[in-house]
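Remarks on the structure that follows.
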Amino acid sequence: MPLLATPAIVLSSLKYGETSKIIRLATRDHGIQSAIAKGALRPRSRFGAGLQVLCLGNAQLILSERRDLHTLTAFDVLDLPLGLASDLDRYCTATALAEVTARVGPTATHAELFELLREGLTLLQSAPAEALESLSLRLLWRLVEELGYQPALDHCVRCGAAIDPEGTLILAPEEGGALCRNCAPATGPARLSAEDRAALVALVAGGADLPELDSRHAAAHRRLLARFIRWHVASGHVLPALEFWSDRSWGKP
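Residues in the sequence shown are numbered consecutively from 802, following the numbering used here.
In C-alpha coordinates:
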(Lines of atoms letter the chains of each structure in order from A and count residues from 1; the text may use other names and numbers.)
(Lines give C-alpha, C1' and ligand atoms only; values in the text may rest on other atoms or scores of the structure.)
Protein backbone atom coordinates (compact mmCIF):
# COMPACT_ATOMS: atom_id res chain seq x y z
CA MET A 1 0.00 0.00 0.00
CA PRO A 2 1.40 3.42 -0.96
CA LEU A 3 2.58 5.89 1.68
CA LEU A 4 2.01 9.60 1.19
CA ALA A 5 2.92 12.74 3.10
CA THR A 6 1.01 16.01 2.77
CA PRO A 7 0.12 19.16 4.72
CA ALA A 8 -3.34 18.67 6.21
CA ILE A 9 -5.95 20.29 8.45
CA VAL A 10 -8.06 18.24 10.85
CA LEU A 11 -11.72 18.80 9.98
CA SER A 12 -13.35 16.37 12.39
CA SER A 13 -12.45 13.71 14.92
CA LEU A 14 -14.52 10.73 16.06
CA LYS A 15 -13.68 8.20 18.75
CA TYR A 16 -13.32 4.67 17.39
CA GLY A 17 -13.20 1.79 19.83
CA GLU A 18 -11.35 2.32 23.09
CA THR A 19 -8.09 3.80 21.83
CA SER A 20 -8.42 5.04 18.25
CA LYS A 21 -9.89 7.96 16.29
CA ILE A 22 -11.39 8.38 12.84
CA ILE A 23 -10.04 11.64 11.42
CA ARG A 24 -11.37 13.64 8.49
CA LEU A 25 -8.58 15.65 6.85
CA ALA A 26 -8.38 18.43 4.30
CA THR A 27 -5.09 17.71 2.56
CA ARG A 28 -3.23 20.00 0.19
CA ASP A 29 -2.24 17.28 -2.25
CA HIS A 30 -5.01 14.67 -2.06
CA GLY A 31 -8.29 16.45 -1.31
CA ILE A 32 -10.52 15.39 1.57
CA GLN A 33 -9.56 12.06 3.12
CA SER A 34 -10.63 9.93 6.09
CA ALA A 35 -8.12 7.95 8.14
CA ILE A 36 -7.93 5.89 11.29
CA ALA A 37 -5.39 7.02 13.87
CA LYS A 38 -4.74 3.80 15.78
CA GLY A 39 -3.91 4.26 19.45
CA ALA A 40 -4.53 8.03 19.33
CA LEU A 41 -6.35 7.93 22.70
CA ARG A 42 -3.66 6.06 24.55
CA PRO A 43 -1.82 8.07 27.26
CA ARG A 44 1.49 7.83 25.41
CA SER A 45 0.14 8.06 21.88
CA ARG A 46 2.63 9.16 19.23
CA PHE A 47 0.01 11.65 18.05
CA GLY A 48 -0.02 13.57 21.35
CA ALA A 49 -2.45 16.52 21.18
CA GLY A 50 -1.93 16.93 17.44
CA LEU A 51 -5.28 15.58 16.26
CA GLN A 52 -7.40 18.45 17.56
CA VAL A 53 -10.02 19.80 15.16
CA LEU A 54 -8.66 22.75 13.10
CA CYS A 55 -5.04 21.75 13.78
CA LEU A 56 -2.61 22.14 10.85
CA GLY A 57 0.18 19.63 10.39
CA ASN A 58 2.11 17.32 8.12
CA ALA A 59 0.21 14.05 7.80
CA GLN A 60 1.58 10.68 6.77
CA LEU A 61 -0.99 8.25 5.41
CA ILE A 62 -0.93 4.65 4.25
CA LEU A 63 -3.51 4.53 1.48
CA SER A 64 -5.99 1.70 1.33
CA GLU A 65 -6.57 0.41 -2.18
CA ARG A 66 -9.90 -1.25 -1.36
CA ARG A 67 -11.75 1.25 0.84
CA ASP A 68 -12.00 4.97 1.60
CA LEU A 69 -10.61 4.74 5.14
CA HIS A 70 -6.83 5.05 5.18
CA THR A 71 -4.32 4.72 8.04
CA LEU A 72 -2.74 7.77 9.64
CA THR A 73 0.75 6.90 10.82
CA ALA A 74 1.99 10.36 11.86
CA PHE A 75 0.81 13.94 12.24
CA ASP A 76 3.47 16.57 12.93
CA VAL A 77 1.82 19.75 14.22
CA LEU A 78 2.59 23.01 12.42
CA ASP A 79 -0.08 25.21 13.99
CA LEU A 80 -2.53 24.64 16.84
CA PRO A 81 -4.93 27.60 16.53
CA LEU A 82 -5.35 28.48 20.19
CA GLY A 83 -6.62 31.94 19.22
CA LEU A 84 -9.81 30.32 17.94
CA ALA A 85 -10.51 28.25 21.04
CA SER A 86 -10.56 31.33 23.27
CA ASP A 87 -13.27 33.17 21.30
CA LEU A 88 -16.59 31.45 20.57
CA ASP A 89 -17.44 33.67 17.58
CA ARG A 90 -14.13 32.85 15.90
CA TYR A 91 -14.37 29.19 16.81
CA CYS A 92 -17.92 28.69 15.55
CA THR A 93 -16.98 30.27 12.20
CA ALA A 94 -13.94 28.03 11.92
CA THR A 95 -15.92 24.88 12.72
CA ALA A 96 -18.61 25.87 10.19
CA LEU A 97 -15.89 26.18 7.54
CA ALA A 98 -14.50 22.80 8.53
CA GLU A 99 -17.93 21.14 8.57
CA VAL A 100 -18.91 22.32 5.08
CA THR A 101 -15.49 21.33 3.72
CA ALA A 102 -15.69 17.88 5.31
CA ARG A 103 -19.21 17.31 4.01
CA VAL A 104 -18.85 18.32 0.36
CA GLY A 105 -15.13 18.79 -0.31
CA PRO A 106 -13.70 16.68 -3.17
CA THR A 107 -11.44 13.67 -2.65
CA ALA A 108 -9.44 14.71 -5.70
CA THR A 109 -6.50 17.11 -5.39
CA HIS A 110 -7.75 20.63 -4.66
CA ALA A 111 -4.87 22.72 -3.36
CA GLU A 112 -6.89 25.95 -3.67
CA LEU A 113 -9.50 24.64 -1.24
CA PHE A 114 -6.83 23.69 1.29
CA GLU A 115 -5.14 27.09 1.00
CA LEU A 116 -8.47 28.89 1.39
CA LEU A 117 -9.17 27.00 4.61
CA ARG A 118 -5.65 27.54 5.94
CA GLU A 119 -5.77 31.26 5.14
CA GLY A 120 -9.26 31.56 6.61
CA LEU A 121 -8.22 30.04 9.93
CA THR A 122 -5.26 32.43 10.08
CA LEU A 123 -7.44 35.45 9.35
CA LEU A 124 -10.00 34.41 11.96
CA GLN A 125 -7.34 34.38 14.66
CA SER A 126 -6.04 37.86 13.87
CA ALA A 127 -9.12 39.78 12.68
CA PRO A 128 -10.28 42.72 14.84
CA ALA A 129 -13.52 42.05 16.67
CA GLU A 130 -15.45 44.71 14.74
CA ALA A 131 -14.66 43.02 11.40
CA LEU A 132 -15.34 39.46 12.50
CA GLU A 133 -18.97 39.10 11.42
CA SER A 134 -18.33 40.40 7.89
CA LEU A 135 -15.15 38.34 7.62
CA SER A 136 -16.97 35.17 8.61
CA LEU A 137 -19.58 35.77 5.90
CA ARG A 138 -16.92 36.40 3.27
CA LEU A 139 -14.95 33.28 4.18
CA LEU A 140 -18.00 31.05 3.91
CA TRP A 141 -19.05 32.64 0.61
CA ARG A 142 -15.50 32.11 -0.69
CA LEU A 143 -15.72 28.47 0.35
CA VAL A 144 -19.06 28.11 -1.45
CA GLU A 145 -17.46 29.56 -4.60
CA GLU A 146 -14.39 27.30 -4.37
CA LEU A 147 -16.68 24.28 -4.10
CA GLY A 148 -18.39 25.38 -7.32
CA TYR A 149 -21.66 26.80 -5.98
CA GLN A 150 -21.32 30.57 -6.37
CA PRO A 151 -24.78 32.19 -6.45
CA ALA A 152 -26.01 33.78 -9.66
CA LEU A 153 -26.63 37.45 -8.91
CA ASP A 154 -26.62 39.05 -12.36
CA HIS A 155 -29.13 36.84 -14.16
CA CYS A 156 -32.36 35.01 -13.33
CA VAL A 157 -31.76 31.38 -12.39
CA ARG A 158 -35.09 30.39 -13.98
CA CYS A 159 -35.24 32.17 -17.32
CA GLY A 160 -31.72 33.58 -17.70
CA ALA A 161 -32.87 37.20 -18.04
CA ALA A 162 -30.46 39.91 -16.90
CA ILE A 163 -31.16 41.24 -13.41
CA ASP A 164 -31.58 44.99 -13.00
CA PRO A 165 -28.33 46.09 -11.31
CA GLU A 166 -30.14 48.67 -9.18
CA GLY A 167 -32.70 48.47 -6.41
CA THR A 168 -34.10 45.42 -4.63
CA LEU A 169 -32.63 41.99 -5.32
CA ILE A 170 -34.94 38.97 -5.20
CA LEU A 171 -32.90 35.98 -4.06
CA ALA A 172 -34.01 32.34 -3.89
CA PRO A 173 -31.29 30.41 -2.02
CA GLU A 174 -32.97 27.07 -2.74
CA GLU A 175 -32.68 27.75 -6.48
CA GLY A 176 -29.14 29.06 -6.40
CA GLY A 177 -29.46 32.77 -6.97
CA ALA A 178 -31.52 35.73 -8.16
CA LEU A 179 -34.96 35.76 -9.74
CA CYS A 180 -36.31 38.37 -12.11
CA ARG A 181 -39.60 40.03 -11.24
CA ASN A 182 -41.47 37.94 -13.80
CA CYS A 183 -40.30 34.64 -12.30
CA ALA A 184 -40.38 35.53 -8.61
CA PRO A 185 -43.39 34.24 -6.63
CA ALA A 186 -45.15 36.57 -4.22
CA THR A 187 -43.77 34.74 -1.17
CA GLY A 188 -40.71 32.63 -0.43
CA PRO A 189 -37.66 34.36 -1.93
CA ALA A 190 -35.69 36.87 0.12
CA ARG A 191 -35.96 40.49 -0.96
CA LEU A 192 -32.78 42.42 -0.31
CA SER A 193 -32.80 46.20 -0.11
CA ALA A 194 -30.27 48.11 -2.19
CA GLU A 195 -28.04 48.38 0.89
CA ASP A 196 -28.17 44.67 1.70
CA ARG A 197 -27.74 43.85 -1.98
CA ALA A 198 -24.55 45.90 -2.15
CA ALA A 199 -23.28 44.18 1.00
CA LEU A 200 -24.01 40.74 -0.46
CA VAL A 201 -22.22 41.56 -3.71
CA ALA A 202 -19.19 42.78 -1.73
CA LEU A 203 -19.15 39.63 0.39
CA VAL A 204 -19.47 37.28 -2.58
CA ALA A 205 -17.06 39.19 -4.82
CA GLY A 206 -14.22 38.77 -2.33
CA GLY A 207 -11.96 41.55 -3.61
CA ALA A 208 -14.02 44.47 -2.33
CA ASP A 209 -13.73 46.02 1.12
CA LEU A 210 -15.67 44.24 3.83
CA PRO A 211 -19.07 45.87 4.30
CA GLU A 212 -20.01 47.32 7.66
CA LEU A 213 -23.01 45.43 9.04
CA ASP A 214 -24.94 46.10 12.22
CA SER A 215 -26.09 43.12 14.29
CA ARG A 216 -29.53 42.88 12.68
CA HIS A 217 -28.26 42.95 9.11
CA ALA A 218 -25.38 40.59 9.87
CA ALA A 219 -27.83 38.07 11.35
CA ALA A 220 -30.01 38.29 8.23
CA HIS A 221 -27.00 37.69 5.99
CA ARG A 222 -25.97 34.66 8.08
CA ARG A 223 -29.44 33.14 7.80
CA LEU A 224 -29.47 33.73 4.06
CA LEU A 225 -26.06 32.12 3.57
CA ALA A 226 -27.00 29.15 5.77
CA ARG A 227 -30.13 28.61 3.63
CA PHE A 228 -28.06 28.74 0.47
CA ILE A 229 -25.54 26.21 1.78
CA ARG A 230 -28.18 23.91 3.23
CA TRP A 231 -30.17 23.61 0.04
CA HIS A 232 -27.71 24.27 -2.75
CA VAL A 233 -24.48 22.87 -1.31
CA ALA A 234 -25.47 20.32 1.35
CA SER A 235 -28.47 18.90 -0.58
CA GLY A 236 -30.99 19.80 2.10
CA HIS A 237 -29.09 18.28 5.02
CA VAL A 238 -28.79 20.21 8.27
CA LEU A 239 -25.18 20.95 9.25
CA PRO A 240 -25.06 21.48 13.05
CA ALA A 241 -21.98 23.73 13.18
CA LEU A 242 -23.36 25.90 10.38
CA GLU A 243 -26.73 26.17 12.12
CA PHE A 244 -25.04 27.20 15.37
CA TRP A 245 -23.00 29.82 13.47
CA SER A 246 -26.15 31.12 11.80
CA ASP A 247 -28.37 31.28 14.89
CA ARG A 248 -25.84 32.49 17.46
CA SER A 249 -26.17 35.92 19.08
CA TRP A 250 -22.71 37.24 18.28
CA GLY A 251 -20.63 39.03 20.85
CA LYS A 252 -22.18 37.03 23.69
CA PRO A 253 -20.55 34.11 25.54
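Positions of the beta carbon are idealized from the N, C-alpha and C atoms, including for glycine.
Computed from a prediction, not measured in an experiment: that's the story for all the values here.
Asked, Found
"Along the beta strand (DSSP E) that carries S814, what are the first and last residues, could you check?", "L804 to Y817"
"Distance, Cα to Cα, L914 vs W1032?", "21 Å"
"Would you check if the stretch 948-968 and the stretch 998-1009 touch, i.e. whether three or more CB-CB distances between them fall below 8 Å?", "yes"
"Looking at the structure shown, is F848 part of a helix, part of a strand, or coil, going by DSSP?", "coil"
"Residues bridged to I833 by DSSP?", "A827"
"Name the two residues that bound the continuous beta strand (DSSP E) containing G949.", "First-last for G949: undefined, no H or E at that position."
"If you count every other CB in all the chains shown that lies within 10 Å of the CB of D890, and 16 or more means buried, which is it?", "buried"
"Under the DSSP definition of a beta bridge, which residues are partnered with A962?", "Looking at the DSSP assignment, A962 forms no beta bridge with any residue, so it has no partner."
"Return the CA-CA distance between L870 and A1042, expressed in angstroms with no decimal places.", "24 Å"
"Can you check DSSP and say which residues form a bridge with Q853?", "None, per the DSSP bridge assignment."
"Going by the beta-carbon positions, is the gap between K816 and L852 smaller than 8 Å?", "no"
"Suppose only complete runs of 4+ residues qualify. What are the alpha helix (DSSP H) ranges in the stretch 997-1043, listed by chain order?", "1016-1029"
"Would V905 and L948 qualify as a contact pair, given that the criterion is a beta-carbon distance under 8 Å?", "yes"
"Apart from the five residues just before and just after L805, which ones in its own chain have a Cβ nearer than 7 Å to its Cβ?", "H831, L862 and L864"
"Does the beta-carbon distance from Q834 to T896 come in below 8 Å?", "no"
"Should the stretch 877-890 be called in touch with the stretch 919-929, which here means at least 3 C-beta pairs below 8 Å?", "yes"
"I need the boundaries of the beta strand (DSSP E) containing T872, first residue and last residue.", "L870 to D880"
"Whole-angstrom Cβ separation of A809 and A860, contact assumed at under 8 Å?", "4 Å"
"Skipping 5 residues on each side, what residues in its chain have a beta carbon closer than 8 Å to that of I964?", "L954, D955, H956, C957, L970, A979 and C981"
"Report the option in A841, F1029, D1015 and A1020 whose CA atom is closest to the CA atom of R1049.", "A1020"
"Leaving out five residues on either side along the sequence, give the residues of the same chain with a beta carbon under 6 Å from the beta carbon of E976.", "V958"
"In the DSSP assignment, find the alpha helix (DSSP H) that holds A897 and state where it starts and stops.", "L889 to V905"
"Can you say whether H1022 is buried or exposed, counting buried as having 16 or more other CB atoms within 10 angstroms of its CB?", "buried"
"Out of N983, A973 and R829, which one is the CA nearest neighbour of G858?", "R829"
"Going by the beta-carbon positions, is the gap between A903 and S1047 smaller than 8 Å?", "no"
"What residue from L993, S994 and A973 has the CA that sits closest to C984's CA?", "A973"
"Considering only the alpha carbon of each residue, which of V901, A932 and S887 lies closest to L917?", "V901"
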